[in-house]
Structure formats: structure tokens, C-alpha cells
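Numbering (my numbering), first residue to last: 312 to 1286. Idealized CB from N, CA, C, for every residue including glycine. Structure, as C-alpha cells:
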């Protein structure tokens, strides 16, 4: 069990064995392992209503023309039985022969030498080949600067057998990708490059890692790669984490679990800590108050601890421990204003959260949720979305939504579908739509099938997706709710240069580009039986298209996947209703990825790929600015009302947006604002979710769960004070409704009543029931219910010391005590007020390390008589040591809690006795040989006064000195 965040926190240069992470510029693989993904259909959602992409017919083209001179067989239903791993495609690069989808063909580079007609949309393209790099199987393409013309490309040959880079090349363009210069031939001779970074807060700064198998160094540029400085380092960088606001601050994680920090963009490094958990280090999110503070999960001896310190001063005296005691491995998650961790004791896991660097509080899930695992899905918008695996779930999770501090959670949707990524990480099928607050899409498992649900009010209510009425051929889909609905794939792309199966954009509210199928409860989503041929054909013909947003969400770009070579792309300026087909290359290209320039004013994209599997890397610069002609003015827009199936109030507002008029070819620009107005609506039941401890009934109302006592105020509620008593509802976060039911459903202020204390909990800060003698032990006392101001607390530590507090509020977070002797102590806590009392206890083992053990035993014993054996310890361990006794060839020990036993020897001759003691995590032993006889007689002896000078106080000295000088008090004469 482990607490996991939605995204990894660090940038991983070794992307081959590990998963891509935050700020990752992962390399693109030349030969992707799954070049032909699942058969899919591209869809567009607008205003909450989904419809398929439509293609306006202008003219029909032949299969040979569509395939750039290559004829492919037409599609037939029998071809659905295709191995998904097979790299060949059944479909043409731009359309299948005999296909029935429609498009509008326009001019461009078509390989015929003909120029596009005047005023006809066209592309301005140029192609550049990275010569002599055809063997390189990975590439990283990055756009530098803001509105900059610089592009950097790192290609490399990664040997998977050796696990290292054997060749590398760095290319740079200063003209938006028209031409490139190979820098490795000039300034980086004999340096093997492995990874390329662009600073996220200042994209003029470039950092390149060399391959440590050849040379451990960094190449740093502050002028977009025009010049580089080399700095040698003495550690092997596994991952980097840039500061979210400070451009020069970087954390570096090494292969030996050490963390380093740099405040000058990698020129100098300082060791932060030596035992950091992989991927569990974070810059502090409170950048204004604590700009240099970092959050760390460190290994201290055998325990994991959460510490904070300054990046350049993380010695012991500079560290802070916000959560005293141990935490579970890999449980620290820092996202936005929240810090999460977990602690497992006796098989039960407790989850904790800190909001805005406040004290940690127990996360409160419904009483009988009994979580087995928890994943943090989202923490933006001041609220936590978490996927929790309940006690009765095996391969599914439930979606929970918190209050603002992230403490009290209520279940929103059960049985979420999950799957494993290529790196083995668990992925939960939940997607938050950008641009529209409160819009979430999730896949739920029902009767061994997946069905897609959508919510417009942040999980308060969910509904199935409305399927399109007609397919792209114009035929009816015969898919009607609730028996048949639209199912979407919510998978994230493993390739950083290709889009996910679902994508949205903040600057394009209401538009969702996704991949899915129409699915009936009686059909299987993989083979889709029972769907008539026309629908199945449509699903297949659009399977291989990837779609990106252009022009700040004002346009869409579609291109076939890399498994199929193409020289065409499609662009839509009307949210996918009509598409212009344009040529960008005279030779079909396997498109491995597309590089965009987000939030810039230029209209340039870069396609990179290869003409065949043996050709050089090809980079095609595409300027699509001529498609627009001019910049949009006020007269080019019309208003559009966001709605949910006709309901205009979404998240408590009537939201009005501006969108471009159909047929208008103008560019939106970065400063374009889509929101026109947002007028509050009257509050209804639809604007409220059930509060913690309440459940939604069939009538839509919230009623108390059987385990929740609505009359029980918080333990901080004192007599004479007032508290906010829930009505069973809480307004959906960021919902802006007013009046109406808002007053009726909002919490009411009530007078606190005196109640007896209950739910008193006593534990050590690390939940351990053992401690070492002489160390401070921190106890945590928590009272779930009761008047904290009028409730006194008495704690008896079991060693004769008792402390009392007049009220629990004076206690603080913990009590510290130190024991002076070892032993087992009964610690009790008792809370009491005028209404009653409650108590809690624990038994604490105080141990000290054993330094020495000596087995005291007779040298000779008579067979059949009992002999006394005693194990003497230094220091003594009353009631906290365990003794294990072996006699001669016994295979099982005799286990005792006392150091003295009596044993009867039955075999004459030498008998070995071995005793082991276990105490305080230490195990020691001693061995004696006892001679067993039927009869012996003892005589008193005297010894010289200096005999002890020959005794070094070890057991072997008797054998070394000789039997004639055995320093014992009797001489045994056996007959």
C-alpha cells in the first residue's frame, strides 16, 4: 500500500528504464514498440455535447492517389481480426480505398510542381535532413525561448544491451527550423551527450548532460545554445527538478540516493542529503515565504522520515521535522498547497494531510471504507480528488472528493477502471477537462465492461455520455441511452510528442478531442460485435489520426500516426465540422512526433520523422499562417452559452463565451479572451454535494449514514461556544450560485453542549511499542469527541511518574517522556469532565542494547540430576529479553523470558549448552561444555595469588593455560 501522486515530481534523464516525469523532455523512440494502437475513432465535444468529426466532401480521390502512388486493398469486415502488435496497417495513409468519409481538398506541396491557386489555403513548408544520423534511434526536440526562432535537437544511439549512449549529435536552428547546424562537430567534440533540458522559467537557458560512462559533465548555455560552457561534476545524475519560479535553482538526484542542489543553474553543486527516497523530493510550494525550502523523504537507519530544510543548508541543525516519527516508504506526496503521507501499523494504514504548511491531520474517509490504497488524482482548484481502493475492491478504485483543507472526503463515483502503464505504474481512468470548471470524465467498470461517465458539477452527479446520432457516413448509429452510450479512452500518451487519447485546452473551453466507440451493454468494446457494418467501418477508418490544438485552441490539426506514412495533414477552423486537407511533403513521411510552440504568436509546427526505417531523421517546418489571412476582429465572433443538455446553469453560473463565426478565416491571437460574462444562478439542490457522513438517497436528498452521529459536535467545541453544524450538504467548491437554497442547505451555527469525552486515543508518535532506554519518547493523545476546554487529562507513564492537564487544549500536539530503567511499562491516559470519562492504554517495551552475555554453568554434573544454568547479562534486562536454549544436538530451542533454567542431562560424556539472548535489536550468545558423569567427587584446592594475571577474561583461556592450572575452586575426581 502506498500513497501516490498523479504525476512524478522529477525530470528523468534516464527515460529508458524509468517513466517520464514532471518537466520531462523524454526522448522519442525511432521504432516505437507499439506503432499501431487500438482501433479508435476521433471525436470532438463542444458545449458538453459530443459529436464525431465531420468531413465535408469536395471531391473523391482514387486509392492510388490517396496512397501517394501505392495501391492498398479496400477494407472488409473480415479484417477486424488483426493482431494489435502487427506493425503493418490495413488502411491507407490518408484514407482507405472505397472509404466514405469526406474532406475538402486544398493546395500545398503535392509533388506535382503545381502551385496552389490564388486565395486558396496552403502551407509554406521546408524540409531538412539530419545527415549521418540515420542509425540514431532516439531524438529530443525542444523549442527554446519565448517567441524564439531557436530549435534544439539531440539525437542519439542508445544501446539497450549496454544500457548506454554510443553516439550523439546536437543540432540547432535559428530560423524556426528551416536550416540546422550540427554543434557537436564544433564545440562538443568527443563529448557523448545523453539528455537535454530547457529551463522551464527561462527558456534561453539550456542544460545538457553527458553520458557518465564516458565523461561526467554538464554543458550549460544562457543564450539558447549559441555558446556552451562545460562543468565537470563528481556524481552521476539520475534526475533533475527545476524550481517552479527561480530559474537558477535545481535539485539533482544521483544514482547512490544522494541529493544535490545548485543555485547557479548547475555550475556548482552542494550535497543536501545522503539517503533520499527516489522521486520523493520537492521544492516548497510556498515560494513567497519559503523560496529555498525543500521537502524530503529520507531514510534514517531503518525508518523513513519526512524533513524540510533549506537547499543550501541541510545539516542536522538546519532540518525540521513537520511530522515527528516514521512514515511509510514512498508515501510522501507534495502537490500545490497539500502535503500527503501515510503510516501503516499492524496492517492498518492511516493517511495524513497538511494544508498550506499547517499541522498534519488525519484524513477522514467514511467509517467503513477501510482503504487498501490511495492515489492523489488532482489538487488544483483548492480541493483534493483521490482514488481510493476500498476493502471490497480488487482491480477498481472509487473516486473521493474532499473539502478545501483536504481532510473530510466523500465518495463521488465507485468502481473506477484502472490499468498499468508501460512502466508498471497504476493509472486511474479519470480526466479533468481544462477550460470548464467542474467538468470531469471517468471510466467506470460495470458488469465486466467499461462505461464512460461525465459530471458537470465536480462529481455531485454523473451521467453516461450521449452517443452521436449519426456516423460520418450519415447513417444512424442506433445507439440510445441508457442501453448504449459513448465510451472514451482516457489514456495518456507514452510519447511526449504525440497527443493523449483525450485532450482539452484552457483557451478552448467546451472542446474535447477524444478517442472512443459507441458501446452497448450487450457488446464487447474490443471486437464490437452486433454493430452494423457502416458504423464499424467508420470506427476503423479514423483509427490512426492524432489531433492537436493550434492557434490557442482556435484550430485543430490532424495527422496519421507513425505506422502509416503520409504527406498530408488536415486542419479545421470550425471545431472539427469541416477539414482542409493539405500537403506538407512531396514524399510520404512516417510522423514520429510534432513539435508545437505553445502560447506564441507564430503559426509554425515542426514534423519530425523518417521516410523509411533506414533514412536520416527528417524535420519539416510547416507555416500555416496563410490559412487565416488576418487577425480576428470583434465582428468575427458570435456568443455561445455553455450548457449541460440544455441546462444553462453550470457550476452555479450562466457562462457566455465568444467563438469564431463559421467560415471565418482569421487568427485568434494570444490576447484573445473567450469569456464574455458569467452571471450567478439561483442555488438548487444540484449545486450541493453530500457532506461528510451523509449519503445521497434515491430522492436526491442527503441523509446521515448509519454510522454517523449528527448530534456529535467536534471535540474543539466547548460549552458556551458555537459551532457550524452541517445540514448534510456542502456547496460544490467553485460553484458560484446565490440565494435560493443556499441559506437552507448551508451549515447552521449552534450552541455547544457539554458531552462526555469519547474516542480517546493514546499512541507513540511513530506508532512503535518499543523504544531504547535513554531516548525521548513522544506520545500523541487525541480526543475525537468531547469538550476540550472542560476535559482534564491524566497520563500515567507506568514508572511512577504521572502528569495532568487541566484541559486537553493545553496539551498541544504531544507529550514527551524519558525512561530511566529498562522494562515493560503500562502507560494509561484518562480524559474526564462533568459528563463522564474515557481512557486508553498501551504497554511500552523499554530496552537497552546487550553488551555481554555469560553462561554460568557447572563443569561436571551427575547424569539424571537437575543442573542450574544461568545467563548473566550486562547491562541487566528485566522482562525485556528473550532467551533461546539449545542442548547438544537439539534442533528446536527452549525459549524463556527468564535467564535461569534447570535442566536434566541424560547422556554421559561432554554435552554442549548454547544460550542466545535477544534484546533491543541485539542478539548475543555463549556456549559451555558440561561433562556428565555417573559419579564424581570434589576436593578443595588453593591457587597462587598471581594466577589471575594469566586470565584475560575470555572463555578460551583455560584450554590455553592447560588442565593442570584450571582456576576453579574444586578438583573433580570421577570414578
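CA-to-CA distance, residue j to residue i, given in whole angstroms
i: residue 577; j: residue 1161; result: 48 angstroms
i: residue 810; j: residue 545; result: 38 angstroms
i: residue 948; j: residue 818; result: 15 angstroms
i: residue 654; j: residue 1152; result: 20 angstroms
i: residue 530; j: residue 564; result: 17 angstroms
i: residue 524; j: residue 505; result: 10 angstroms
i: residue 1193; j: residue 1228; result: 6 angstroms
i: residue 1293; j: residue 483; result: Look at the range of the chain in this structure, 312 to 1286, and you will see that residue 1293 is not part of it.
i: residue 922; j: residue 895; result: 13 angstroms
i: residue 992; j: residue 535; result: 50 angstroms
i: residue 631; j: residue 1034; result: 34 angstroms
i: residue 679; j: residue 1154; result: 28 angstroms
i: residue 1243; j: residue 1090; result: 53 angstroms
i: residue 804; j: residue 797; result: 21 angstroms
i: residue 1238; j: residue 1170; result: 12 angstroms
i: residue 671; j: residue 696; result: 18 angstroms
i: residue 621; j: residue 629; result: 7 angstroms
i: residue 913; j: residue 906; result: 13 angstroms
i: residue 566; j: residue 539; result: 26 angstroms
i: residue 734; j: residue 806; result: 13 angstroms
i: residue 1043; j: residue 715; result: 10 angstroms
Identity of the residue in the options nearest residue i by Cα
i: residue 479; options: 989, 473, 446; result: 446
i: residue 773; options: 558, 957, 752; result: 752
i: residue 460; options: 862, 934, 650; result: 934
i: residue 1218; options: 1201, 1004, 1207, 590; result: 1201
i: residue 730; options: 779, 1004, 802; result: 802
i: residue 1046; options: 1022, 964, 1111, 1071; result: 964
i: residue 588; options: 608, 718, 573, 579; result: 608
i: residue 1073; options: 520, 573, 1127; result: 1127
i: residue 983; options: 955, 1146, 862, 926; result: 862
i: residue 590; options: 548, 614, 673; result: 548
i: residue 568; options: 1081, 746, 582; result: 582
i: residue 481; options: 943, 473, 520; result: 520
Own chain residues within Cβ distance below 8 angstroms of residue i, not counting five before or after
i: residue 276; result: The displayed coordinates of the chain run from 312 to 1286. Any statement about residue 276 would go beyond what the structure contains.
i: residue 1211; result: 1179, 1180, 1181, 1182
i: residue 1102; result: 1068, 1094, 1118, 1119, 1142, 1143, 1144
i: residue 1060; result: 1033, 1034, 1035, 1036
i: residue 1203; result: none
i: residue 468; result: 446, 447, 448, 449, 476, 477, 478, 479
Exposed unless 16 or more other CB atoms sit within 10 angstroms - verdict on residue i
i: residue 971; result: buried
i: residue 571; result: buried
i: residue 651; result: buried
i: residue 1098; result: buried
i: residue 1077; result: buried
i: residue 778; result: buried
i: residue 780; result: exposed
Close beta carbons around residue i, own chain, < 6 angstroms, minus the five adjacent residues each side
i: residue 341; result: Any answer about residue 341 is weak, because its pLDDT of 44 lies below 50 and its placement is not dependable; what the coordinates show is given next. For residue 341, where only same-chain residues beyond five positions count, the Cβ hits under 6 angstroms are 448.
i: residue 722; result: 709, 711
i: residue 533; result: 516
Own chain, CB closer than 7 angstroms to residue i, minus 5 neighbours either side, in chain order
i: residue 682; result: 660, 676, 699, 700, 701
i: residue 1010; result: none
i: residue 593; result: 320, 605, 606, 645
i: residue 996; result: 1011, 1052
For residue i, the first and last residue of its enclosing beta strand (DSSP E)
i: residue 892; result: 891-894
i: residue 565; result: 561-565
i: residue 995; result: First-last for residue 995: undefined, no H or E at that position.
i: residue 1128; result: 1126-1128
i: residue 924; result: Unbroken run through residue 924: none, as it is neither H nor E.
i: residue 1235; result: 1233-1244
i: residue 745; result: Careful: residue 745 lies outside any beta strand (DSSP E) and carries neither H nor E.
i: residue 620; result: 614-621
i: residue 1063; result: Element bounds for residue 1063: n/a, residue is neither H nor E.
i: residue 983; result: That residue, residue 983, is in no beta strand (DSSP E); it is neither H nor E in DSSP.
i: residue 438; result: 435-441
Where the alpha helix (DSSP H) through residue i begins and ends
i: residue 1055; result: 1053-1056
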